[in-house]
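Student: I have a structure I would like to understand better, so I am pasting it below and will then ask my questions one at a time.
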Amino acid sequence: MTYHEFCGGFCQFIMRRFSELTCFMPELYEMFSKEDMPPEEFALRSFCGPFYEEPKKKQLRASDFREMLPDDRKLLFDRLCDIRYESSKEENVPAYIIFHNRAIYEICMALPESMEELEAVPHVGKKKAEKYGTEILEAVRSYG
Numbered sequence: 015m016t017y018h019e020f021c022g023g024f025c026q027f028i029m030r031r032f033s034e035l036t037c038f039m040p041e042l043y044e045m046f047s048k049e050d051m052p053p054e055e056f057a058l059r060s061f062c063g064p065f066y067e068e069p070k071k072k073q074l075r076a077s078d079f080r081e082m083l084p085d086d087r088k089l090l091f092d093r094l095c096d097i098r099y100e101s102s103k104e105e106n107v108p109a110y111i112i113f114h115n116r117a118i119y120e121i122c123m124a125l126p127e128s129m130e131e132l133e134a135v136p137h138v139g140k141k142k143a144e145k146y147g148t149e150i151l152e153a154v155r156s157y158g
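To convert, count from 1 in the sequence shown and add 14; that's my numbering.
Here's what the structure looks like:
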């Protein structure tokens with residue numbers, strides 16, 4: 015059962031009234047709300063409880079991360095994606111098991127020069143650095 019099926023017009027009515035009330039009494043909103051959220055969302059969470067559905071976050075694709083990089087690092091990103099793909103085929107696992115797109119993005123931004131620097135990159139860690147670090151560092155060195 016979804017929020018709309020359960021609440022229908024009632025929660026929409028409550029949401030509008032609560033929003034109006036919090037505009038006139040901001041201390042009411044501050045008293046009940048521990049998070050920084052709009053009054054409408056707070057009203058939905060408060061009155062609709064378990065039937066409130068969180069908005070889904072958009073999953074970023076490799077192309078999205080690639081576009082966030084400076085132009086001079088996009089080729090490195092492509093090379094690291096190729097390394098990830100080759101490793102995933104060898105190990106017969108999905109590519110995201112080797113490295114998530116965000117990890118490849120972070121490597122491109124950090125440009126680590128040693129195994130210790132690679133381990134310190136967010137979303138990499140010691141085990142992955144030990145397993146794939148030599149090839150990753152070689153790609154980073156050949157890039158720079």
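Just so it is clear, CB atoms sit at the ideal spot from N, CA and C, and this is done for glycine as well.
I need the boundaries of the alpha helix (DSSP H) containing E81, first residue and last residue.
Tutor: Taking the sequence shown and counting its residues from 1, the one referred to as residue 81 is at position 67. Note, E81: alpha helix (DSSP H), 76-82.
Student: Within the present structure, is the beta-carbon of M129 separated from the nearest heavy atom of the ligand ADP by less than 7 Å?
Tutor: Here there are no bound small molecules, and the ligand ADP is not part of this structure.
Student: Where does R1 land, buried or exposed, given buried means 16+ other C-beta within 10 angstroms?
Tutor: The chain is shown from 15 up to 158; residue 1 falls before or after that span and cannot be answered.
Student: Closest to T148 by CA distance: which of L132, S77, H137, Y157 is it?
Tutor: On the sequence shown, position 134 is the one that residue 148 refers to. T148 has its Cα closest to that of L132, out of L132, S77, H137, Y157.
Student: Are the Cβ atoms of S102 and I112 separated by less than 8 Å?
Tutor: By 1-based counting over the sequence shown, the position of residue 102 is 88. By 1-based counting over the sequence shown, the position of residue 112 is 98. Against a cut-off of 8 Å, the Cβ pair of I112 and S102 comes out as a contact.
Student: Which residues in the same chain have their Cβ closer than 8 Å to the Cβ of I118, if we skip the five residues on either side of it in sequence?
Tutor: Indexing the sequence shown from 1 puts residue 118 at position 104. Counting only Cβ-Cβ distances below 8 Å, and skipping sequence neighbours, we find A76, F79, F91, L94, C95, R98.
Student: To the nearest angstrom, how far is it from the Cα of P126 to the Cα of R87?
Tutor: Indexing the sequence shown from 1 puts residue 126 at position 112. Indexing the sequence shown from 1 puts residue 87 at position 73. Looking at the two C-alpha atoms, the distance is approximately 13 Å.
Student: Just to check my reading of the structure: V135 and E120 have Cβ atoms closer than 8 Å, yes? What is that Cβ distance to the nearest angstrom?
Tutor: Here the question's residue 135 lines up with position 121 in the sequence shown. Here the question's residue 120 lines up with position 106 in the sequence shown. With a Cβ gap of about 5 Å, V135 and E120 count as contacting.
Student: What whole-angstrom Cβ distance do L74 and N115 have, given they're in contact under 8 Å?
Tutor: Working through the sequence shown from its first residue, we reach residue 74 at position 60. Working through the sequence shown from its first residue, we reach residue 115 at position 101. 6 Å between Cβ atoms; contact.
Student: From this set, A124, R155, K72, which residue's C-alpha is nearest L83's C-alpha?
Tutor: Here residue 83 corresponds to residue number 69 of the sequence shown, with the count starting at 1. That would be A124, whose Cα lies nearest to the Cα of L83.
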